[in-house]
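S.K.: These protein sequence lines map, in sequence, to chains A and B.
Take 59 as the starting number for the first sequence in our numbering and just add one per residue.
Take 59 as the starting number for the second sequence in our numbering and just add one per residue.
Here it is: the structure, laid out below.
Number of protein chains: 2
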Amino acid sequence: MDRKQISDTYQAIQEDFCDALETLDGRSSFRTDVWERPGGGGGVTRIMSGSGPVEKAAVNFSAVEGDTPDRLSEQLAADSSHFVATGVSIIVHPANPHAPTFHANIRYFETDSGHAWFGGGADLTPSYLYEEDARDFHSSLKAICDRHRVGDYSAWKSACDDYFYLPHRGEARGIGGIFFDHLTERPEEVWSFQSDLGDSLGDIYFPIMRRRIDMAYGDREREWQEVRRGRYAEFNLVWDRGTRFGLETAGRTESILASLPPQARWIYSYEPQSLTPEATLVELIRGPPRSWAEQAG
Amino acid sequence: MDRKQISDTYQAIQEDFCDALETLDGRSSFRTDVWERPGGGGGVTRIMSGSGPVEKAAVNFSAVEGDTPDRLSEQLAADSSHFVATGVSIIVHPANPHAPTFHANIRYFETDSGHAWFGGGADLTPSYLYEEDARDFHSSLKAICDRHRVGDYSAWKSACDDYFYLPHRGEARGIGGIFFDHLTERPEEVWSFQSDLGDSLGDIYFPIMRRRIDMAYGDREREWQEVRRGRYAEFNLVWDRGTRFGLETAGRTESILASLPPQARWIYSYEPQSLTPEATLVELIRGPPRSWAEQAG
């Protein structure tokens, strides 16, 4: 694969998503931090933080390379001395508790031991369940997967449910999406799928966000959102492989932890009252994963 | 050692500390949750959460036993089938940003492979540096260590600086204290030291807390406190061995994570302005560990 083409495309996806999110927000702009990695390569971290519909967003591009960390060689079970990794990751924490948090990531990895693969995914984390949002989100992802021979919505939906899970809480992080990793076969087709996904992320998320950001809310909804954001922080700091790998291998901390929510709250043994919208969300994330895309048709 | 005597003493320390903290707070009471561990033993989790000087406090006693987890056998490098662990841990998050967060823990561990040891410590995490507080805290700890032949303030002060450190931030969590672990020699003397420490925790912390809880503060101090609490959550979730061990071995999540701050905030690349009290704290925790007890005499 042409690494330059891949990382150029990732940068274009970053730019397009940021432009579109600024338009949607209407108030705040992204700040841009260009950084270099001491061991090789670097990145562009773009952060929006304001008083509009987007409370905090982080859209990160990176293209790093260098000596393969020991940990990685162990995971690959292969002698590799040099690696290249490039990717773009997106996280949007809306201010309105009715609007779900959105996360997506696409990435490409290559080592001089001949390993190369694509990975990525997109998932949604609501504080309040709107079935329409879950159906639309999953149906959009399924449609993209179905456009490509290498796409496997069903397997990647399950992988997403498995990955974004907090075992210590017995809870899913949200309503899932798709998650794929180590795609090594048919790289040209995978690349075509992945760029299609990258170009579609705004089209998937923004309509959902738009119909929630003007809904009324008060202290109760905001508190609940902060409790859910506490769970989001727990997942990222305790279980997320990318976050932990980054922190343990001295990655750029501010870029890695830009995914954390703007605010979080921890209340001991907090359980919402039954028959409330908060309880509906909890029942969902503590139950078996649901099918969403099928229900749309 | 007499395990019953140890765990009874731990329970008494828990009760005394809670009673004294309720008196100091003057508004809120501890709730008490008694729980059983499926594999053996259980605990008593006591939580205070209110609108008085103590925003959140967790004082946990546990005495668990059962089959030795594989991970533990690996760490011990010994075949052990049964273990007993008992301890009490204390965390106080005051509402006032000028009052430091306090943490302490004392514990005893025993396996049927003949391993037995004591561990524990006490440390302080201010959002604003008051040198008087740091000196008093360390001097009190040094005085307790000096009362016992097995006490080694200097080594345990260094161990505490090493342990409560966030490598991904290049920051200490706070101003340290003492940290000791795997004390196997002279168990009777260690036990005498440890109970002395446990009985003294209130005397060490409460005078510091009392002189801070009526200080004036506003949004600026509160925001800074929440940023610092974000770091506290990062340390506990990413690096703290006890927290990670508990979460990965299906401990009681609500008790383990009761240490987390009531609220936390993450602001991208936040740096306080130079020559402010916030900058003074940051300079301290990013610099080499300071000696505090020596300066007191």
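C-beta: ideal position from N, C-alpha, C; glycine also.
Taking CB distances under 8 Å as the criterion, tell me whether A/Leu130 reaches chain B.
M.R.: Along the first sequence, read from residue 1 onward, the residue named residue 130 of chain A stands at position 72. So no, A/Leu130 is outside the interface.
S.K.: Determine the chain B residues that contact A/Val296 at a beta-carbon separation under 7 Å, and present them in chain order.
M.R.: Translated into positions along the first sequence, residue 296 of chain A becomes position 238. Ordered by position in chain B, the residues that pass the 7 Å Cβ test against A/Val296 are Leu295, Leu305.
S.K.: I'd like to confirm the pairing. Which residues does DSSP put opposite A/His161 in its beta bridges?
M.R.: Along the first sequence, read from residue 1 onward, the residue named residue 161 of chain A stands at position 103. Its beta-bridge partners are A/Ile149, A/Asp181.
S.K.: I think A/Gly98 touches A/Gly124, with their Cβ atoms under 8 Å apart; what is that distance to the nearest whole Å?
M.R.: Along the first sequence, read from residue 1 onward, the residue named residue 98 of chain A stands at position 40. Along the first sequence, read from residue 1 onward, the residue named residue 124 of chain A stands at position 66. Sure, about 4 Å apart at Cβ, within 8 Å.
S.K.: Using CA atoms only, rank isn't needed, just tell me which of B/Ser212, B/Asp91, B/Tyr166, B/Thr81 is closest to B/Gly110.
M.R.: On the second sequence, residue 110 of chain B is found 52 positions in, with the first residue counted as 1. Ranking B/Ser212, B/Asp91, B/Tyr166, B/Thr81 by Cα distance to B/Gly110 puts B/Thr81 first.
S.K.: Are the Cβ atoms of A/Gly235 and A/Asp181 separated by less than 8 Å?
M.R.: Your numbering for residue 235 of chain A matches position 177 in the first sequence. Your numbering for residue 181 of chain A matches position 123 in the first sequence. Cβ atoms of A/Gly235 and A/Asp181: closer than 8 Å.
S.K.: Just mark B/Met267 as buried or exposed, buried being the case when its beta carbon has 16 or more other beta carbons within 10 Å.
M.R.: Residue 267 of chain B sits at position 209 when you count from the first residue of the second sequence. Classification for B/Met267: buried.
S.K.: Any C-beta of chain B sitting closer than 8 Å to the C-beta of A/Tyr326?
M.R.: Here residue 326 of chain A refers to the residue found at position 268 of the first sequence. Taking Cβ atoms only, chain B reaches closer than 8 Å to A/Tyr326, which makes this a yes.
S.K.: Let me check one thing: in DSSP terms, what residues is A/Val117 bridge-paired to?
M.R.: Translated into the one-based positions of the first sequence, residue 117 of chain A becomes position 59. A/Arg104, A/Ile148, per the DSSP bridge assignment.
S.K.: Just to confirm, is the Cβ distance from B/Ile71 to B/Phe88 under 8 Å?
M.R.: Here residue 71 of chain B corresponds to residue number 13 of the second sequence, with the count starting at 1. Here residue 88 of chain B corresponds to residue number 30 of the second sequence, with the count starting at 1. No, they are not a contact pair.
S.K.: Let's test the definition: count the other Cβ atoms within 10 Å of the Cβ of A/Gln63 and tell me whether it reaches 16, buried, or not, exposed.
M.R.: Counting from 1 along the first sequence, the entry for residue 63 of chain A is found at position 5. A/Gln63 is exposed by the Cβ-count criterion.
S.K.: What residue range is occupied by the uninterrupted beta strand (DSSP E) comprising A/Val208?
M.R.: For the purposes of this step, residue 208 of chain A is taken as the residue at position 150 of the first sequence. Element bounds for A/Val208: n/a, residue is neither H nor E.
S.K.: Determine which residues of the region 102-127 of chain B have a Cβ less than 9 Å from any Cβ of chain A, and write them out in chain order.
M.R.: The region 102-127 of chain B vs chain A, Cβ under 9 Å: Thr103, Ile105, Ser107, Lys114, Ala116.
S.K.: Reducing DSSP to helix, strand and coil, say where A/Asp239 ends up.
M.R.: The residue given as residue 239 of chain A occupies position 181 in the first sequence. In the structure shown, A/Asp239 sits in a strand (DSSP, three-state: E or B).
S.K.: Below 7 Å on C-beta distance, what does B/Glu312 contact in chain A?
M.R.: Here residue 312 of chain B corresponds to residue number 254 of the second sequence, with the count starting at 1. Result: Tyr326, Ser327.
S.K.: Rounding to the nearest angstrom, what Cα-Cα distance links B/Tyr186 and B/Ile233 in this structure?
M.R.: Residue mapping note: residue 186 of chain B aligns to position 128 of the second sequence, counting from 1. Residue mapping note: residue 233 of chain B aligns to position 175 of the second sequence, counting from 1. In a straight line, the C-alpha of B/Tyr186 is about 11 Å away from that of B/Ile233.
S.K.: By the 10 Å Cβ neighbour count, where 16 or more other Cβ atoms means buried, how is A/Val92 classified, buried or exposed?
M.R.: Your numbering for residue 92 of chain A matches position 34 in the first sequence. When all chains shown are included, A/Val92 counts as exposed.
S.K.: Less than 8 Å separating the beta-carbons of A/Pro404 and A/Thr301?
M.R.: The question about residue 404 of chain A has no answer here: the residues shown for chain A are numbered 59 through 355.
S.K.: Quick one: is A/Ala291 near chain D, going by C-beta distance under 8 Å?
M.R.: As a matter of chain content, chain D is missing from the structure shown, whose protein chains are A and B.
S.K.: Going straight from the alpha carbon of B/Ala136 to that of A/Ala153, what length do you get?
M.R.: Looking up residue 136 of chain B in the second sequence gives position 78. Looking up residue 153 of chain A in the first sequence gives position 95. So the alpha carbons of these two residues sit roughly 52 Å apart.
S.K.: Does the Cβ of A/Gly345 have 16 or more other Cβ atoms within 10 Å, making it buried, or fewer, making it exposed?
M.R.: On the first sequence, position 287 is the one that residue 345 of chain A refers to. It counts as exposed.
S.K.: A/Ala362 touches chain B at which residues, Cβ-Cβ below 7 Å?
M.R.: Past the edges of chain A, shown from 59 to 355, lies residue 362 of chain A, and the structure says nothing about it.
S.K.: Taking only beta-carbon atoms, is B/Gln331 less than 8 Å away from chain A?
M.R.: Along the second sequence, read from residue 1 onward, the residue named residue 331 of chain B stands at position 273. No, its Cβ sits nowhere closer than 8 Å to a Cβ of chain A.
S.K.: Work out the CA separation of A/Phe238 and A/Ala217 for me, nearest whole Å.
M.R.: Translated into the one-based positions of the first sequence, residue 217 of chain A becomes position 159. Translated into the one-based positions of the first sequence, residue 238 of chain A becomes position 180. So the alpha carbons of these two residues sit roughly 7 Å apart.
S.K.: List, in chain order, every chain A residue whose beta-carbon is nearer than 7 Å to that of B/Gln283.
M.R.: In the second sequence, the residue the question calls residue 283 of chain B occupies position 225. Simply none; closest approach about 12 Å.
S.K.: With 7 Å as the C-beta to C-beta threshold (strictly closer), list the residues of the region 194-227 of chain B near chain A in chain order.
M.R.: Those residues of the region 194-227 of chain B that come within reach of chain A (Cβ to Cβ, closer than 7 Å) are His226, Arg227.
S.K.: If the criterion is Cβ atoms closer than 8 Å, does the pair A/Arg383 and A/Glu279 meet it?
M.R.: With chain A represented from 59 up to 355, any question about residue 383 of chain A goes unanswered, as that position is not in the structure.
S.K.: When you compare only the Cα positions, how much space is there between B/Glu27 and B/Asp272?
M.R.: What the structure shows of chain B is the stretch from 59 to 355, and residue 27 of chain B is not part of that stretch, so it cannot be assessed.
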